[in-house]
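Numbering (the numbering used here), first residue to last: 27 to 184.
We put the beta carbon where it would ideally sit given N, CA and C, even for glycine.
Keep in mind the model is a prediction, meaning the values are calculated, not measured.
What follows is a set of notes on a single structure, which appears directly below.
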């Protein structure tokens, strides 16, 4: 049972971090490059980022639970002393801020800007600021995820 749970955690980490990198740094730039209609490109990018955001919340929750169970079932250290716990927690917090804090406000600004593109509206400066904060949090989440992947790979290869 322990091996099955470890395998599920490895799959969850792969799905989460792989989703972050493949959507945020591959699919979204390709959509903006290939799609001449930037409003449509933004809508498609938003949908993909929304999906990977929810995937991250599910996978991150599972990983956090797995970390808590692993530490509490046989280690003398406390959970708050585990670096992996804090990295997963930070990734989840970044994802929650993006998903339920920044993205809804950005979507609302797009609606308020209609029929104009939000970037051509009076809301452009606020949208750019929120988009910048969201991009920074996404980058931090991606880099922390990359650290976890490399850490789990080196642990496996020992």
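CB-CB length for residue i against residue j, believed under 8 Å
{"i": "residue 163", "j": "residue 43", "result": "Not a contact, Cβ separation roughly 15 Å."}
{"i": "residue 82", "j": "residue 45", "result": "7 Å"}
{"i": "residue 38", "j": "residue 88", "result": "5 Å"}
{"i": "residue 135", "j": "residue 153", "result": "5 Å"}
{"i": "residue 129", "j": "residue 47", "result": "19 Å between Cβ atoms; not a contact."}
{"i": "residue 126", "j": "residue 139", "result": "With a Cβ gap of about 21 Å, residue 126 and residue 139 do not count as contacting."}
Same chain only: Cβ atoms within 7 Å of residue i, ignoring 5 sequence neighbours per side
{"i": "residue 170", "result": "113, 116, 117"}
{"i": "residue 65", "result": "143"}
{"i": "residue 166", "result": "120"}
{"i": "residue 156", "result": "128, 131, 132"}
{"i": "residue 67", "result": "57, 58, 61"}
{"i": "residue 79", "result": "121, 124, 125"}
{"i": "residue 172", "result": "43"}
Residue i - DSSP class collapsed to helix/strand/coil
{"i": "residue 29", "result": "helix"}
{"i": "residue 135", "result": "helix"}
{"i": "residue 83", "result": "helix"}
{"i": "residue 149", "result": "coil"}
{"i": "residue 61", "result": "coil"}
{"i": "residue 11", "result": "Here the chain covers residues 27 to 184 and nothing more, so residue 11 does not appear."}
{"i": "residue 66", "result": "helix"}
{"i": "residue 104", "result": "coil"}
Proximity of residue i and residue j at Cβ, strictly below 7 Å
{"i": "residue 187", "j": "residue 49", "result": "Nothing can be reported for residue 187: it is not among the residues displayed for the chain, which extend from 27 to 184."}
{"i": "residue 71", "j": "residue 54", "result": "yes"}
{"i": "residue 85", "j": "residue 36", "result": "no"}
Beta-carbon contacts of residue i that lie in its chain and below 6 Å, excluding the five residues immediately before and after
{"i": "residue 160", "result": "124, 128"}
{"i": "residue 51", "result": "none"}
Residues of its chain near residue i, where Cβ-Cβ distance is below 8 Å and the 5 sequence neighbours each way are ignored
{"i": "residue 110", "result": "93, 174, 177"}
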